[in-house]
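Trainee:
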Amino acid sequence: MKRLLMLIGVLAALTTSAAPLRIHLIGDSTCATKDLAGENPERGWGQMFEPLFDEGVEVLNHALNGRSTKSFRDEGHWTEVLSDLREGDYLFIQFGHNDQKLNDSTRYALPEAYAENLRRYIREARERGARPVVLTSVVRRHFTDGRLDDTHGAYLDAARRTAAEEHTPLIDAERLTRTWIEGLGDAASRNFFVWVEAGTCPRWPDGREDNTHLNVRGARTVARLIAAQLPATLPELGRHLVGSDFTVARDGSGDFFTLTEAVAAVPDFGRDTTRIVVCEGVYREKISIPATKRLVALTGRGAVTVSWNDHASETGPTGHRLGTSGSSTVYFGGEGWTVRHMTFENTAGRVGQAVAVQCLATNLRFIGCRFLGNQDTLYLYGVGNRDGERVAENARICFEGCYIEGTTDFIFGSAAALFRRCEIRSKADSYVTAASTCRGQRCGMIFEECRLTADEGVTSCWLGRPWRNYAQTLFLRCWLGGHIRPEGWHDWDKPRARRTVRYGEYACEGPGAAPKARVGWSRQLSAREARQAIADFDR
Numbered sequence: 025m026k027r028l029l030m031l032i033g034v035l036a037a038l039t040t041s042a043a044p045l046r047i048h049l050i051g052d053s054t055c056a057t058k059d060l061a062g063e064n065p066e067r068g069w070g071q072m073f074e075p076l077f078d079e080g081v082e083v084l085n086h087a088l089n090g091r092s093t094k095s096f097r098d099e100g101h102w103t104e105v106l107s108d109l110r111e112g113d114y115l116f117i118q119f120g121h122n123d124q125k126l127n128d129s130t131r132y133a134l135p136e137a138y139a140e141n142l143r144r145y146i147r148e149a150r151e152r153g154a155r156p157v158v159l160t161s162v163v164r165r166h167f168t169d170g171r172l173d174d175t176h177g178a179y180l181d182a183a184r185r186t187a188a189e190e191h192t193p194l195i196d197a198e199r200l201t202r203t204w205i206e207g208l209g210d211a212a213s214r215n216f217f218v219w220v221e222a223g224t225c226p227r228w229p230d231g232r233e234d235n236t237h238l239n240v241r242g243a244r245t246v247a248r249l250i251a252a253q254l255p256a257t258l259p260e261l262g263r264h265l266v267g268s269d270f271t272v273a274r275d276g277s278g279d280f281f282t283l284t285e286a287v288a289a290v291p292d293f294g295r296d297t298t299r300i301v302v303c304e305g306v307y308r309e310k311i312s313i314p315a316t317k318r319l320v321a322l323t324g325r326g327a328v329t330v331s332w333n334d335h336a337s338e339t340g341p342t343g344h345r346l347g348t349s350g351s352s353t354v355y356f357g358g359e360g361w362t363v364r365h366m367t368f369e370n371t372a373g374r375v376g377q378a379v380a381v382q383c384l385a386t387n388l389r390f391i392g393c394r395f396l397g398n399q400d401t402l403y404l405y406g407v408g409n410r411d412g413e414r415v416a417e418n419a420r421i422c423f424e425g426c427y428i429e430g431t432t433d434f435i436f437g438s439a440a441a442l443f444r445r446c447e448i449r450s451k452a453d454s455y456v457t458a459a460s461t462c463r464g465q466r467c468g469m470i471f472e473e474c475r476l477t478a479d480e481g482v483t484s485c486w487l488g489r490p491w492r493n494y495a496q497t498l499f500l501r502c503w504l505g506g507h508i509r510p511e512g513w514h515d516w517d518k519p520r521a522r523r524t525v526r527y528g529e530y531a532c533e534g535p536g537a538a539p540k541a542r543v544g545w546s547r548q549l550s551a552r553e554a555r556q557a558i559a560d561f562d563r
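In structure tokens:
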């Protein structure tokens with residue numbers, strides 16, 4: 025019983041630690057989330073804040089346009105936030121712009137009253153076990169004779185003084201944004217605020233010159249400036265920051281709405297890694313990544329799916345069939361991409377060849393990704409099919425902890441590819457792989473410690489067949505489900521291929537592992553040969 029109670033305690037601790045840290049934001053329009061109607065370019069920095077963290081942090085943005093420390097409470101918004109505060113939550117408090125409005129009694133608060141209002145928020149949050157943080161206001165873009173004016177005056181000192189007296193962390197957003205805007209200067213800083221030319225935006229057809237509110241670039245920059253203070257000011261939150269250059273989000277919290285736009289923004293032939301975070305959602309896009317877009321770290325935050333539905337028999341815009349290659353949802357043509365936690369799918373259905381991902385470049389790495397489709401789900405194109413031709417080197421691609429599903433030949437192509445600890449799921453009685461390894465390659469497809477599973481009712485699958493005569497496919501220390509046929513391999517009715525293919529297994533287990541029943545032209549490898557196969561890939 026004692027051991028059971030200890031185990032329950034450990035599990036409870038793990039569950040608690042897995043819960044995300046929560047940041048509540050209260051403030052005014054410079055922080056608030058904006059609606060996107062009319063192609064609205066305006067954003068609050070709080071709208072852009074959550075994608076800067078990993079999934080261990082959740083941001084709840086309660087900030088509202090036009091509110092002050094007084095009106096936010098008087099209108100009942102604070103009561104709603106307070107009722108949702110939990111022990112350990114963070115509360116970021118940023119008001120000031122509207123507290124200054126002398127002619128509006130519903131919002132105006134003298135600096136002394138403003139300080140007292142901040143103090144009440146701090147103390148009431150602490151009573152709920154939350155951790156308050158005070159932020160000064162974002163600077164207004166107001167220049168006189170080339171110098172940035174101070175438009176917040178005594179309210180800045182009141183916020184700083186209250187934070188010190190209440191022993192509350194302070195993020196001095198005014199100083200951060202003042203340094204930034206002064207460095208840009210009058211003209212250049214307009215590019216970060218809502219300055220819109222007439223006739224360019226449905227939201228403001230007559231144009232707009234707004235020196236208070238931020239556009240996408242401005243809000244993103246302010247969010248990053250604030251986030252950069254966290255490692256020193258709030259280390260627990262700082263540990264969850266994720267560095268990125270671009271964020272893609274369907275809800276407007278990123279730099280771009282689509283992955284296509286983000287790919288276009290990647291510097292051509294860049295020497296440094298470009299980091300892209302894609303926020304949760306289904307992105308209906310057909311994406312072609314050219315060879316010029318290289319060295320990119322692409323990471324999904326939450327459940328991210330890139331989806332399209334072309335298939336080989338479909339007629340393209342020129343009146344010709346798309347073909348297998350033309351059916352791809354995503355083309356990875358730039359080398360050195362590392363992709364994490366994303367799903368790629370082709371939803372055309374069982375209509376023949378319909379590729380989810382086509383890999384044309386080398387040094388691609390997929391970690392924790394999912395590839396969904398039917399026939400020809402994952403195309404390891406590499407240098408392409410070179411039947412009988414000698415190729416000294418081909419693209420090298422790694423898959424770690426991924427899930428790949430399909431019906432027929434759903435992992436196919438010529439590239440050298442290493443699959444580590446992946447699940448390979450068959451959805452129909454057919455062939456798992458169809459390698460077209462080029463003559464002279466050191467290695468083709470290698471599956472190491474993978475699990476081969478199948479949908480219910482699927483009972484008869486071959487490990488592979490040779491799309492081209494020199495196909496290489498190895499399964500090392502894999503678990504093979506009962507759907508794998510005892511003979512294991514098929515020659516695609518090409519007797520010559522039996523003399524040139526390299527099909528092998530080493531130390532596989534499971535009901536589909538039947539070394540004595542395998543076709544005579546496949547091999548059971550030795551431990552040394554298995555090690556050499558991995559070494560050949562890593563070379």
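If you read the sequence shown in the working numbering, its first letter stands for residue 25, the second for the next number, and so on. Beta carbons: idealized from backbone N, C-alpha and C, even for Gly.
Select from Ser92, Arg110 and Cys485 the residue whose C-alpha is nearest the C-alpha of Ala139.
Mentor: Residue Ser92 is the option with its Cα nearest to Ala139.
Trainee: Check each candidate in Arg241, Trp486 and Lys540 and name the one with the smallest Cα separation from Ala531.
Mentor: With distances taken between Cα atoms, Ala531 lies closest to Lys540.
Trainee: Which runs of the beta strand (DSSP E) fall wholly inside the segment 293-359 and span at least 3 residues, in chain order?
Mentor: DSSP runs (the beta strand (DSSP E)) wholly in the segment 293-359: 298-308, 311-313, 320-332 and 354-356.
Trainee: Look at the alpha carbon of Arg345 and the alpha carbon of Gly412, and state the distance between them as a whole number of angstroms.
Mentor: C-alpha separation (whole angstroms): 27 Å.
Trainee: Let me confirm a value: Asn85 is counted as buried when at least 16 other C-beta atoms fall within 10 Å, else exposed. Which label applies?
Mentor: When all chains shown are included, Asn85 counts as buried.
Trainee: Enumerated in chain order, which unbroken segments of the alpha helix (DSSP H) with a length of 4 residues or greater are wholly contained in the segment 220-279?
Mentor: Correct list: 240-251, 254-257 and 259-262.
Trainee: Which same chain residues end up closer than 8 Å to Arg308 when comparing Cβ atoms and leaving out the 5 residues on each side of it in sequence?
Mentor: Closer than 8 Å at Cβ, skipping near neighbours: Ser331 and Trp332.
Trainee: Alpha carbon to alpha carbon, how far is Gln399 from Gly360? Give it in angstroms, no decimals.
Mentor: Going from the Cα of Gly360 to the Cα of Gln399 covers about 27 Å.
Trainee: Pull up the CB-CB distance for Leu134 and Ile50, whole angstroms please, since I reckon it's below 8 Å.
Mentor: So it is not a contact: roughly 20 Å between Cβ atoms.
Trainee: Could you give the distance in angstroms between the alpha-carbon of Val162 and the alpha-carbon of His48?
Mentor: Straight-line Cα distance between these residues: approximately 18 Å.
Trainee: DSSP three-state call for Pro44: helix, strand or coil?
Mentor: Three-state DSSP puts Pro44 in coil, outside helix and strand.
Trainee: Under the DSSP definition of a beta bridge, which residues are partnered with Ser213?
Mentor: Answer is none; Ser213 lacks a bridge partner.
Trainee: Does the Cβ-Cβ distance between Ala439 and Leu404 come in under 7 Å?
Mentor: Yes, the Cβ-Cβ distance between Ala439 and Leu404 is below 7 Å.
Trainee: Per the DSSP calculation, Ala96 is bridged to which residue(s)?
Mentor: Per the sequence presented here, residue 96 reads as Phe, with Ala not at that position. DSSP output for Phe96 lists no bridge partner at all.
Trainee: Could you say which of Thr192, Glu221, Leu238 and Ala137 lies nearest to Arg232 if we only look at CA atoms?
Mentor: That would be Glu221, whose Cα lies nearest to the Cα of Arg232.
Trainee: Taking the continuous alpha helix (DSSP H) assigned at Leu106, which residues delimit it?
Mentor: Run containing Leu106: His101 to Asp108, per the alpha helix (DSSP H) assignment.
Trainee: Determine, using beta carbons only, whether Lys94 and Arg143 come nearer to each other than 7 Å.
Mentor: No, these two residues do not count as a Cβ contact at 7 Å.
Trainee: Please return the same chain residues whose Cβ sits closer than 6 Å to the Cβ of Gly506, not counting the five positions on each side in sequence.
Mentor: If we look at Gly506 and ignore the five residues flanking it on each side, its Cβ neighbours are Pro535 and Gly536.
Trainee: Could you spell out where the alpha helix (DSSP H) holding Ile508 opens and where it closes?
Mentor: Taken as a continuous stretch (DSSP letters only), Ile508 belongs to no alpha helix (DSSP H), as it is neither H nor E.
Trainee: Nearest-angstrom Cα distance between Ala56 and Gly358?
Mentor: The straight-line gap from Cα to Cα measures roughly 37 Å.
Trainee: If I follow the unbroken beta strand (DSSP E) through Gln496, where does it start and stop?
Mentor: Gln496 -> beta strand (DSSP E) spans Gln496 to Leu500.
Trainee: Taking the straight line between their C-alpha atoms, what separation do you get for Tyr145 and Val287?
Mentor: Their Cα atoms are separated by approximately 43 Å.
Trainee: So, helix, strand or coil for Asn370, using DSSP?
Mentor: Strand at Asn370.
Trainee: Could you check the C-alpha separation between Glu480 and Ala452 for me, to the nearest Å?
Mentor: Those two C-alpha atoms are separated by around 9 Å.
Trainee: Per DSSP, which one or two residues make a beta bridge with Ile428?
Mentor: DSSP, once it has assigned bridges, lists Phe395 and Ile448 as partnering Ile428.
Trainee: Run the CB neighbour count on Asn127, radius 10 Å, all protein chains shown included, and call it buried at 16 or more, exposed below.
Mentor: When all chains shown are included, Asn127 counts as exposed.
Trainee: Which same chain residues end up closer than 7 Å to Arg409 when comparing Cβ atoms and leaving out the 5 residues on each side of it in sequence?
Mentor: Arg is not the amino acid found at residue 409; the sequence shown has Asn there. Closer than 7 Å at the Cβ level, and outside the excluded window around Asn409, lie Ser438, Ser460 and Arg492.
Trainee: Is Gly376 close to chain D, meaning its C-beta is less than 7 Å from at least one C-beta of that chain?
Mentor: No chain D is present in this structure, which holds just one protein chain.
Trainee: Please state the DSSP three-state secondary structure of Phe561.
Mentor: Residue state, collapsed to three classes: helix.
Trainee: Note down the Cα distance separating Val482 from Cys502, rounded to an integer number of angstroms.
Mentor: Roughly 19 Å separates the two Cα atoms.
Trainee: Give me whichever residues DSSP pairs with Cys422 in a beta bridge.
Mentor: According to DSSP, Cys422 bridges with Arg389 and Leu442.
Trainee: Below 6 Å CB to CB, which residues in the same chain sit around Thr175 once its five sequence neighbours on both sides are set aside?
Mentor: Within the same chain, Thr175 has close Cβ partners Arg164 and His166.
Trainee: Identify the residues that DSSP records as bridge partners of Trp605: which are they?
Mentor: Nothing about residue 605 can be reported from this structure: the residues present for the chain run from 25 to 563 only.
Trainee: Pick out whichever of Arg274, Thr316, Val290 and Lys58 has its Cα sitting closest to the Cα of Arg227.
Mentor: Nearest of Arg274, Thr316, Val290 and Lys58 to Arg227, Cα basis: Lys58.
Trainee: Can you tell me whether Gln71 is buried or exposed? The criterion is at least 16 other CB atoms within 10 Å of its CB, across all chains shown.
Mentor: By the neighbour-count rule (16 or more Cβ atoms within 10 Å), Gln71 is buried.
Trainee: Give the C-beta separation of Ile300 and Asp269 to the nearest angstrom, bearing in mind that I take them to be a contact with Cβ-Cβ under 8 Å.
Mentor: Going by Cβ atoms, the distance from Ile300 to Asp269 rounds to 7 Å, so yes, they are a contact pair.
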